[in-house]
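Counting from 0, one number per residue, gives the positions in the sequence shown under our numbering. Glycine residues also receive a C-beta, built at the ideal position from the N, C-alpha and C atoms. First up is the structure itself, then whatever we jot down about it.
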Amino acid sequence: NIRLDNEDVDITGSNFPDNVISVGATVYQSGVVISYGKEYVSCSLNGVYPNYLEVEWINSAAGRFINDMDIRERRKVIVMHKKTAEALFKKSEDAIGQFVNAKGVAYQVVGLYADKGDRDSREAYIPFSTLQLIYNKGDKLNNIAFTIRGLETEAKNKAFERQYRKALSIHHRFDAEDNSAIWIWNRFTNYLQQQKGMSILRTAIWIIGIFTLLSGIVGVSNIMLVTVKERTREFGIRKALGATPASILRLIILESIAITTLFGYIGMVGGILATEYMNMVAGESKMDTGMWSTTVFLNPTVDMHVAVQATLTLIIAGTLAGFFPAKKAVSIRPIEALRAD
């Protein structure tokens, strides 16, 4: 793998002015003990640019983030997590303006950030240039982060990645076709891939649901056919007493709808109970990918629109399930029905 350096940051900003909005870089120093008085916390120091705030969606809780002047003047300022501040100062609001010690270097706390559900509270941020200087990183860095515009399609993003890889290959003298030389993670293309996966999953769920519904319709229809056969004499008496075909048709269809809706709602309630149980057991559980963590199960609910649509679907399914048995009941001749056992 190629080791990125400061010149790559300049290349990113200067070679792609039409697409790159802001560019920055990150350099890491792990296992740093930050202390204040007798209290101490082990953290990972991240040297960052101001654009890190928007690239990584940092949720600022107090004070400010790293700015351009911090970078230029190599200021010894630090932004830490609220939990880190609470461990050092008891009250996080007391941290702003105070000085903490990290390996013999005093940093002034200028800002705090809070969780958005997937942020490691053991990370603290200082100016990129400051970390490179203090920890002898030279001009090396761990990654480059930048925001882009004008790339609305996957094809445009892929073309940009090829151009970007080619620009860096000239500087580092590697084959632009060698994808293992540098690793590029594009949130937009990753989002599109996730959407494709979700679309396939939704299609599969629809197919399973349709076949399940069809099997249910067939099952209810068979039940109603048996019911019609057992009630042949009843329908004959009804017709002999003047019942119209429409009234018998309506009776069978309504019974079919009632059966379908009843058991449909039993299944719906069972599904709601299952999701509530999952929420109780694994609510807000996180999946760690090694680079970031994400919440995979958060506050499951049944939307009212979905419930209404399910009700309408059950009514339609019940109507279809009862239609053919009802037609058979209507076709029964009174004289034959009265002779039936």
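Can we say the segment 173-184 touches the segment 204-212, given the rule of at least three CB pairs closer than 8 Å?
-> no
Practice task
Check A306 in the structure and name its three-state DSSP category.
Solution key: Here residue 306 refers to the residue found at position 307 when the sequence shown is read from its first residue. In this structure, A306 counts as helix in the three-state DSSP scheme.
* **Closest residue to I216 among G321, W56 and K75 (Cα-Cα distance)** => Along the sequence shown, read from residue 1 onward, the residue named residue 216 stands at position 217. Out of G321, W56 and K75, G321 has the C-alpha closest to the C-alpha of I216.
key: Residue closest to V305, alpha-carbon to alpha-carbon, out of M279, Y264 and L87   = Counted from its first residue, the sequence shown places residue 305 at position 306. Among M279, Y264 and L87, the Cα nearest to that of V305 belongs to Y264.
message: Contact between the segment 48-56 and the segment 91-107 is defined here as three or more beta-carbon pairs at a separation below 8 Å; is this criterion met?
response: no
* Going by alpha carbons, who is nearest to S214 out of W184, Y134, A242 and A316? -> Taking the first residue of the sequence shown as 1, we reach residue 214 at position 215. Of the listed residues, the one whose Cα sits closest to S214 is A316.
Go through its chain and collect everything with a Cβ distance to I43's Cβ below 8 Å, but skip five positions before and after it.
Locating residue 43 in the sequence shown gives position 44, counting from the first residue. For clarity, residue 43 is Ser in the given sequence; the question names Ile instead. Here the set comprises Y27, Q28, S29, G30, V31, D119, R121, E122 and A123.
Can D69 and H170 be called in contact, C-beta distance under 8 Å?
-> For the purposes of this step, residue 69 is taken as the residue at position 70 of the sequence shown. For the purposes of this step, residue 170 is taken as the residue at position 171 of the sequence shown. No, they are not a contact pair.
Between the Cα of E72 and those of I10, F127, F173 and I314, spot the shortest distance and give me the residue it belongs to.
Stepping through the sequence shown from its first residue, residue 72 is reached at position 73. Closest by alpha carbon: F127.
List in chain order: all unbroken alpha helix (DSSP H) runs of 4+ residues lying wholly within the segment 138-183. 153-171
Assign Y276 to buried or exposed, taking buried as 16 or more other Cβ atoms, counted over all protein chains shown, within 10 Å of its Cβ. On the sequence shown, residue 276 is found 277 positions in, with the first residue counted as 1. Exposed, since its Cβ has fewer than 16 Cβ neighbours within 10 Å.
In the DSSP assignment, find the alpha helix (DSSP H) that holds E53 and state where it starts and stops.
In the sequence shown, counting from the first residue as 1, residue 53 sits at position 54. Its alpha helix (DSSP H) spans residues Y51 to V54.
*What first and last residue would you give for the alpha helix (DSSP H) that runs through S356?*
There is simply no residue 356 to check, as the chain begins at 0 and stops at 340 in what is shown.
Notebook entry, point to check: Using CA coordinates, which residue listed in K326, D4 and S330 is at the minimum distance from K139?
Noted result: One-based indexing of the sequence shown puts residue 139 at position 140. The option with the nearest alpha carbon to K139 is D4.
(request) Have a look at the DSSP bridge pairing and note the partners of A101. (result) The residue given as residue 101 occupies position 102 in the sequence shown. A101 is bridged to I33 and V104.
Item to complete: Tell me whether N45 sits in a helix, a strand or coil according to DSSP, three-state version.
Response: For the purposes of this step, residue 45 is identified with residue 46 of the sequence shown, where counting begins at 1. N45: strand per DSSP, three-state reduction.
Kindly indicate which three-state DSSP category G266 falls into: helix, strand or coil? Position 267 of the sequence shown, counted from the start, is the residue given in the question as residue 266. Correct three-state label for G266: helix.
query: So the alpha helix (DSSP H) N5 belongs to, where does it begin and stop?
result: Walking along the sequence shown from the start, residue 5 turns up at place 6. Segment N5 to N14, the alpha helix (DSSP H) holding N5.
Where does L313 sit, in a helix, a strand or coil, going by DSSP? As a first step, residue 313 must be located in the sequence shown, where it is residue number 314. The answer is helix: DSSP assigns L313 an H, G or I state.
**Asked** Apart from the five residues just before and just after I20, which ones in its own chain have a Cβ nearer than 8 Å to its Cβ?
**Response** Within the sequence shown, residue 20 is the residue found at index 21, counting from 1. Cβ within range, chain order: F145, T146, I147 and R148.
Quiz item: To the nearest angstrom, how far is it from the Cα of R2 to the Cα of I57?
Solution: Counting from one through the sequence shown, the residue named residue 2 turns up at place 3. Counting from one through the sequence shown, the residue named residue 57 turns up at place 58. C-alpha separation (whole angstroms): 26 Å.
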